[in-house]
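A short write-up of the structure that comes next.
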Amino acid sequence: NAGVTQTPKFQVLKTGQSMTLQCAQDMNHNSMYWYRQDPGMGLRLIYYSASEGTTDKGEVPNGYNVSRLNKREFSLRLESAAPSQTSVYFCASSGGAEGYTFGSGTRLTVV
Amino acid sequence: QKEVEQDPGPLSVPEGAIVSLNCTYSNSAFQYFMWYRQYSRKGPELLMYTYSSGNKEDGRFTAQVDKSSKYISLFIRDSQPSDSATYLCAMSGPSNYQLIWGAGTKLIIKP
């Protein structure tokens, strides 16, 4: 019973490098989300996908792109990493009104 | 002003005390109310879910919603050191299930 799986768990990037964070869910949920969490800032929505084939910007989309590859997978790409993108990234999925299921997070440091 | 307000704490109480955590909100359309618990270096996990007004009890935890005051609460009875975590409130409307989050309250239970 995996739920939401995120990879990698940890990553260190140099400024200007690119990377893709992977997320997969096995609960047949329609909606998927990417958040970042910084001390004192709470959860901030980066992008979301209400259903397969659709993506929309959240509160803090600048510097990120996403791909909803299929119903199970939703990836987040940093094209040119900046130190301001140092954060913990969480992927979540939802099947409706009963709330979200979160992955265990990716700790990203950009130096 | 944020849609959902939550005191970030930290809130420190002795083991065995009754804990009260609260959120206020401004959008009267919210119908679904949730509490998530987040341990350090982990993803948030759904703790309590309530639809519309009223109380819901699950073991030592009670969630309360007062829609007339736009105020929700989470009570923890006989608090344990293992309850030390950050507690986030979240809520959504009747047709759009995208959650709006509080900032989270850090709770510390002292042995």
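Sequence order for the protein chains is L and D.
FYI, the numbering for the first sequence is 4 to 114, going by the numbering used here.
FYI, the numbering for the second sequence is 2 to 112, going by the numbering used here.
We treat Cβ as the ideally placed atom computed from N, Cα and C, and that holds for glycine.
Keeping to the same chain, check which residues put their C-beta closer than 7 Å to that of residue i; ignore five residues upstream and five downstream.
i      : result
V7(L)  : C26, Q28, C94, A95, S96, T104, F105 and G106
T25(D) : E6, K71 and Y72
P11(L) : T109
Taking only three categories from DSSP, how would you classify residue i?
i       : result
D84(D)  : helix
Q88(L)  : helix
M22(L)  : strand
D59(D)  : strand
F31(D)  : coil
R80(L)  : strand
M35(L)  : strand
D29(L)  : coil
E46(D)  : strand
L100(D) : coil
I19(D)  : coil
K68(D)  : coil
Buried or exposed, going by whether 16 or more other CB atoms sit within 10 Å of the CB of residue i?
i       : result
I49(L)  : buried
M30(L)  : exposed
V15(L)  : exposed
G56(L)  : exposed
V114(L) : exposed
I19(D)  : exposed
P112(D) : exposed
L24(L)  : buried
Y36(L)  : buried
L22(D)  : buried
L72(L)  : exposed
A86(D)  : buried
A5(L)   : exposed
T51(D)  : buried
Q2(D)   : exposed
F13(L)  : exposed
S83(D)  : exposed
S93(D)  : buried
Could you tell me how far apart the beta carbons of residue i and residue j are, in whole angstroms, since I believe they sit closer than 8 Å?
i      : j       : result
R38(D) : R61(D)  : Not really, about 12 Å apart at Cβ, beyond 8 Å.
E16(D) : I110(D) : 6 Å
S80(D) : V5(D)   : No, S80(D) and V5(D) are not in contact; Cβ-Cβ is about 24 Å, not under 8 Å.
S90(L) : S78(L)  : S90(L) to S78(L), Cβ: 17 Å. No contact.
Y40(D) : G99(L)  : Contact flag wrong, Cβ pair sits at about 26 Å.
Q40(L) : G66(L)  : In fact, because the Cβ distance is near 16 Å, the residues do not count as touching under 8 Å.
Can you give me the Cβ contacts of residue i inside the same chain, cut-off strictly under 6 Å, excluding the 5 residues immediately before and after it?
i       : result
S54(D)  : V66 and K68
L75(D)  : L22, W36 and A64
G105(D) : T87 and L89
E76(L)  : A27
Beta-carbon within less than 8 Å of residue i's beta-carbon, same chain only, minus the 5 sequence neighbours each way: which residues are those?
i      : result
S21(L) : R80, L81, E82, S83 and A84
Y51(L) : S34, M35, Y36, W37, T58, D59 and G61
P64(L) : I49 and Y50
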